[in-house]
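Structure, as structure tokens:
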Amino acid sequence: MSEQGKEVVSRREELDKRFDPRAYESAWQRRWAESGIFRAEAPSTRRPFCIMIPPPNVTGKLHLGHALQTALEDLLTRWRRMSGDNALWLPGTDHAGISTQLMVERQLAVEGTGRRTLGRERFLERMWAWKRQYHGNIREQLDRLGASCDWSRERFTLDAGLSAAVREAFVRLYGEGLIYRGEYLVNWSPVLGTAISDLEVETKTVAGKLYYIAYPLEEAAGGGEVVVATTRPETMLGDTAIAFHPDDERYRHLRGEAAVLPLIGRRLPFVADAAVERDFGTGLVKLTPFHDPSDFEMARRHGLPGITVIDQQGRMTAEAGPDFAGLDRFAARAKVVERLGAAGLLRKVEDHVHNVGHSQRSGEPVEPLLSTQWFCDMSGMAARALQAQREGRLRLIPESWEKTWEHWLENIRPWCISRQLWWGHQVPAWYTEDGRCFVARSFEEAAAAAGTDRLTQDPDVLDTWFSSGLWPFSTLGWPQRMVDFETFYPTSVLITGYDILFFWVARMVMLGLHFTGEVPFAAVHLTGLVRDAEGVKMSKTRGNVLDPVELVDEYGADAVRFTLTSLDVPGRDIPLNRDQLAGYRAFGNKIWNAARFALGRVGEAQVQPALDPRGLAAPERWILSRLSRLATDVDARFGAFRFDEACNRLYHFFWGDLCDWYIELAKPALSGEAPRPRTGEVLLTVLDRSLRLLHPVMPFLTEEVWQRLPGHEAIHPATICLAPYPAREEAWESAEVEAEMEVLMHVVTRVRGLRSEMGLPPKARIALYLGASFAREEIPKETPVEKSGGEAGGRRARFLAEHQHLVRSLCRVE
RNA sequence: GGGAGGUUAGCUCAGCGGUAGAGCACCUGCCUUACACGCAGGGGGUCGCGGGUUCGAAUCCCUCACCUCCCACCA
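According to the working numbering, the first sequence is numbered sequentially starting from 5.
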């Protein structure tokens, strides 16, 4: 590293009087990148540590959730790197099928054209151009945040390697019978023009109407009518039966009879099915098998046909009859109601609040539609994912997610993986002219199997989450067992928001177990969602979105990182407000000025790689003891994913122990007024280690300051990024010294309080007489000194007497 | 209908069996030779309600209330 290392070493001018993160942050990011210090080794004899970035949308913009994850991922990576691990944080981006395609389609609409007009090939050229144009943005934003990714390993879900992995996975699952093609009722988004998975359907509670419609009975049944209740009258045009509960006395006599569908005249047999709720509506359900999932199930149980009356654009089909064909489904609803009213068949309309599935991406109500799609049977994989979690091979943090995890995996359903889009991994299936299907890794392979090259590839692409489900290993070279895969898989930790636990985390675990036999990461830390100061979810429509890069401009990356990190409390969403950002920027200012003070006062002293506390005075031994305990604490907190607690401890040590007390205690010694042994060395050494402890959270500021510390080269010749993470120093710890100093500090606080209460002007040099009784009474109960009674009291008085010059200095008294 | 989380100082939140904490905000002094992005001092809470366990409960258990979110095929 020596050659690279030298480039990292910075200039050594004095710290500017003004603290301005913009003056150094970008420069450091550039220097780090150029020196290649974030490149991981493979192979390596060192312990591996690996985090995969949750790949952001390649043409998107990072939001604060990304910033939070980035801060935590970088924290862990830097911490492990400094601790000696072979740390890899692998960056990359996702092609983000629907959302990216929508962006380009919107662009095309502005130009007065569209994807269909362009045709698939030219449209995809536009997509790639778009990708090339915006691809750099993500890296730029990660750079601004100080991300120590290994960019030499950057991946994209549509690059050659990952595309090969996707085809390999598809072919294998198909071969195992887990991927299949078939005609089923799927969630269809008329706006997007594609099928979507169950997860992409968002249930919304809406105020609708419940229509009671009279269906005349067939002559054979003796005439009369029955009344059915429905929220979607337009679907009646596709009715093929009417159902009642088998035990429902009211309708039992209708078994074997039939009604006549109004407006159409079709014969509707009655069937009995236990899925019918007797208490809802009239207890009779009209069955529209091809436009309602539960009707579909019931129809299948009774061998009933279905009729598609709504098409992929959400318009009524020819099957709906000449009066309705071509109408939008909601216009058709109004017209059906109107016609029923005119025919005197509308018995009642009630207000009805119910839940309706909406397309998460486009917002409109989903239309259940019969359609030929590719599916993946997840049941076996889900069972193994469940088992992995139950056996502790997969840790969810916080643990409260375990029940949710179990519930979802226990009730998993087939995953619809095909999308009627163009941007994505095209399904690796080819069809012969006579309709035979060949699933293969390539056209050549398919042609060889088919015995002809007159083949047409399936036009659909795969759900984005199919490729991101392979991310932890496809990025490392799978299916080939490349050196990166051997070195870093399975990875160490995954950090992501709980909102994609099922979309992404569960799929990675299932596919990872299936293809590699291992859980792709030992632990998953699920973060909360970043919200605004009022705790409201950020959204463009609300206009309360904060841009992480703008916050970096305003407060500095370190302050943004520290704020987000200290707010990462397990199981809670994160309300972000500017006061906190300003507060942690002030913390940066504090560090900056503490360093300025030290650098101006330590003379020829140097940072010490090791320090023997013997021969040091009490204040020096006290701060070293505190520092050692801090190192233990921070390490433990990082290891336990309690980043908030680690931040608090770092903050209070630096501001409280170091600045408020130790630096003040050091002043008389450094000025020569009351010299003590090695005060400068201790101050510099404490600063060095504090900065190293803080570095994973505040990389820029700590590097900038650390480079100026005389003697820092003895710790690492080039950069704080590779300097060892401070460990506990048992020899520094002393409960006794800490207790003695606590007494002194307590006395100082009391004197200051008295002085303030008595309204004595700060400048007045007043005389203070400390009697032994004062000391005795004022000692906090919990100090060990007090417990040993009178003799200890004497010792305490002696301690205070010996250090009276410190009391004088800190209280400004004579 | 299931499930998860929340209710602690004006605000945002830690604490989760041993006499209430932080940051910010607020009040009073201070430009004390690193820092006004600062220093020192200070005020402020019956820890959602009601029960229970315990020598002792924000902290464990139960009831209730109110908020947030996730899952779920009553048309």
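Just so you know, even glycine gets a beta-carbon here, dropped at the ideal spot from N, CA and C.
Residue i versus the options, residue with shortest Cα-Cα distance
i	options	result
Pro728	Val751, Phe803, Ala635 and Gly684	Ala635
Phe470	Asn593, Arg51, Thr495 and Gly516	Gly516
His139	Gly118, Arg120, Thr161 and Arg119	Thr161
Trp426	Glu109, Pro59 and Leu654	Glu109
Arg732	Leu726, Cys725, Ser694 and Ala743	Ser694
Glu238	Glu222, Arg254, Glu253 and Pro266	Pro266
Ser543	Trp32, Gly69, Ser30 and Val62	Gly69
Ile667	Val264, Glu624, Val175 and Trp405	Glu624
Gly88	Pro52, Arg143 and Leu373	Pro52
Gly338	Lys213, Cys663 and Thr531	It is Ala, not Gly, that sits at residue 338 in the sequence shown. Looking at the Cα atoms, Lys213 is the closest of the given residues.
Glu18	Pro714, Glu734 and Glu742	Pro714
Leu466	Phe566, Val755, Phe442 and Gln430	Gln430
Asp551	Leu149, Thr500 and Arg26	Leu149
Inter-residue CB distance, residue i and residue j (contact presumed, cutoff 8 angstroms)
i	j	result
Gln364	Glu229	Going by Cβ atoms, the distance from Gln364 to Glu229 rounds to 41 angstroms, so no, they are not a contact pair.
Lys290	Asp327	Lys290 to Asp327, Cβ: 19 angstroms. No contact.
Leu76	Phe647	6 angstroms
Leu350	Val341	7 angstroms
Collapsed DSSP secondary structure at residue i in the structure displayed
i	result
Glu449	helix
Gly227	coil
Thr207	strand
Trp482	coil
Thr198	strand
Arg423	strand
Asp536	coil
Pro25	helix
Gln610	coil
Pro788	In this predicted model, Pro788 has a pLDDT of only 37, less than 50, meaning its place in the structure is not dependable enough to derive any value.
Val549	coil
Arg399	strand
His356	strand
Ile311	coil
Asp572	coil
Phe477	helix
Ala233	strand
His99	coil
Arg256	helix
Euclidean distance between Cα positions of residue i and residue j
i	j	result
Leu66	Arg423	25 angstroms
Ala807	Gly560	The displayed chain sequence assigns His, not Ala, to residue 807. Those two C-alpha atoms are separated by around 41 angstroms.
Val353	Pro194	27 angstroms
Arg399	Thr292	44 angstroms
Arg618	Arg630	16 angstroms
Ser48	Pro463	44 angstroms
Pro788	Phe803	Per-residue confidence for Pro788 stands at a pLDDT of 37, beneath the threshold of 50, marking its modelled position as unreliable; no derived number is given.
Val564	Leu555	7 angstroms
Arg800	Glu744	7 angstroms
Lys21	Ala599	11 angstroms
Leu344	Gly186	36 angstroms
Ser383	Val313	32 angstroms
Gly9	Glu129	Here the model assigns Gly9 a pLDDT of 42, short of 50, so the residue's position is not dependable, and the following value carries that caveat. The alpha-carbon atoms of Gly9 and Glu129 are separated by roughly 42 angstroms.
Val606	Pro681	12 angstroms
His1	Glu301	Examination of residue 1 is not possible in this model, given that the chain is present from 5 through 818 alone.
Ala805	Trp659	27 angstroms
Ala389	Asp277	35 angstroms
Ala262	Arg445	52 angstroms
Arg582	Thr753	32 angstroms
Glu490	Gly481	9 angstroms
Phe245	Pro309	Note that residue 245 is Ala in the sequence shown, not Phe. Roughly 9 angstroms between the two C-alpha positions.
Residue i CB to nearest heavy atom of the ligand FAD below 7 angstroms
i	result
Gly516	Inclusion of the ligand FAD in the displayed structure is not the case, the ligand content being empty and no account of it being possible.
Touching or not, the segment 26-44 and the segment 146-161, by the rule of three or more beta carbon pairs under 8 angstroms? yes
Contact the segment 669-687 vs the segment 805-818: 3+ CB pairs below 8 angstroms: Contact holds: three or more Cβ-Cβ distances are below 8 angstroms.
Taking three-plus beta-carbon pairs below 8 angstroms as touching, is the segment 602-614 in contact with the segment 675-690? yes
Count the C-beta pairs between the segment 245-257 and the segment 275-283 that are closer than 8 angstroms, then say yes if the count reaches three, no if not. yes
Inspect the CB distances between the segment 536-545 and the segment 494-512 and report whether three or more fall short of 8 angstroms. no
Validate contact between the segment 518-537 and the segment 96-116 using beta carbons, cut 8 angstroms, 3 pairs: no
I'd like to know if the segment 448-455 and the segment 115-123 are in contact, where contact means that at least 3 CB-CB pairs between them fall below 8 angstroms. no
Does the structure place the segment 470-490 close enough to the segment 49-68 that three or more beta carbon pairs sit under 8 angstroms? yes
Is it true that the segment 165-174 meets the segment 572-589, where meeting means three or more beta-carbon pairs spaced less than 8 angstroms apart? With the cut-off at 8 angstroms, the segment 165-174 and the segment 572-589 do not touch.
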